Amino acid sequence: MSGGLDVAVLTAWLGRVAVRYAAEQGYLCDLDAAIGDGDHGANLARGFTAVVAKLGQPASPAALFKSVGMTLIGTVGGASGPLYGTLFIDMGKAAGESTTLDAASWAKVLAAGLAGVAARGKAQPGDKTMIDALTPAVQALQGETDLTAALTASAAAAVHGAEATKKLIAHKGRASYLGERAIGHQDPGATSLAMLLQGLASEAG
């Protein structure tokens, strides 16, 4: 992809993700029911439907990300709203005044989102959370100069990270009460995060 990530591409990405979450909400809720409250998919589907409805025509990626973050915090229940909201708000801060994000800029933006989510959720890799998909996704971007290749590698790393949560004991949220019984179950937050980045790779590919 030569043009970079501008508002048009990013808006189309969010629309694509909203459709994916609506289609996959049952699957995500099933994952969540095994180790949590069982509402992760429904919450994200509702939140991203609201995101698409409220987007309008933001002037920059930063403005778009801030709008997304505030909408998610206001409409998504449970832990997902604050965490996904923080992800986008901190991404917006890192985007600054840029009108288009290249591979290096996107790496910086997503890394800022990761830092915000980690601080908000007080989570680290291995805790069986969305961090376990987001961390390898950020790492896969480092040193990549071709945007399409970077986004593809990042999404693949997120998917692998989400799948690897099956082997983990949860240390955060309701799942942490299960101890070893959480082993064998894939984390819903890591799974939805991987879907988010798969959507961007597909849209920008």
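Quick note: the sequence shown uses our numbering, first residue 2, plus one each step. All residues carry an ideal CB built from backbone N, CA and C; glycine is no exception. Predicted model only: the values in this text are computed from it and were never measured.
Roughly how many angstroms lie between the CA atoms of residue i and residue j, to the nearest whole one?
i, j, result
"A9", "L15", "10 angstroms"
"L32", "L45", "13 angstroms"
"V69", "A113", "16 angstroms"
"Y178", "G37", "Per-residue confidence for Y178 stands at a pLDDT of 43, beneath the threshold of 50, marking its modelled position as unreliable; no derived number is given."
"A124", "G86", "16 angstroms"
"A34", "H41", "9 angstroms"
"G82", "G122", "11 angstroms"
"V110", "T50", "23 angstroms"
"P59", "L65", "5 angstroms"
"D147", "A80", "34 angstroms"
"A159", "G200", "12 angstroms"
"V163", "G206", "Position check: residue 163 holds Ala in this sequence, whereas Val was assumed. Rounded to whole angstroms, A163 to G206 spans 22 angstroms at the Cα level."
"K67", "S106", "17 angstroms"
"A157", "E145", "14 angstroms"
"L11", "A43", "23 angstroms"
"S61", "S99", "7 angstroms"
"E25", "V52", "17 angstroms"
"A23", "M71", "20 angstroms"
Is the separation between the beta-carbon of residue i and that of residue j shorter than 8 angstroms?
i, j, result
"M131", "L84", "yes"
"A195", "A151", "no"
"S193", "L29", "yes"
"A191", "T166", "yes"
"A120", "L142", "no"
"S155", "R17", "no"
"T101", "D7", "yes"
"G1", "A63", "Within the shown structure, residues of the chain are numbered from 2 to 206, placing residue 1 beyond reach of any answer."
Give me the residue from the options with the minimum Cα distance to residue i.
i, options, result
"Q209", "G75, D128, L148", "The requested residue 209 is not part of the displayed model; the chain covers only 2 to 206."
"G48", "T166, G37, V77, L102", "V77"
"G117", "W107, A108, V110, L88", "L88"
"A104", "L11, G5, G206", "G5"
"G57", "V20, E98, G39, A13", "A13"
"P189", "V20, L11, G39, A23", "G39"
"K168", "P126, E145, G75", "P126"
"A54", "E25, A19, L115", "A19"
Query raised in the report: Does the region 137–147 come close enough to the region 85–96 that 3 or more CB-CB pairs lie under 8 angstroms?
Result: Taking 8 angstroms as the limit for Cβ pairs, the verdict is that the region 137–147 does not touch the region 85–96.
Check: Counting only runs that start and end within the region 68–135, where is the alpha helix (DSSP H) found for 4 or more residues in a row?
Finding: Correct list: 81–96, 104–122.
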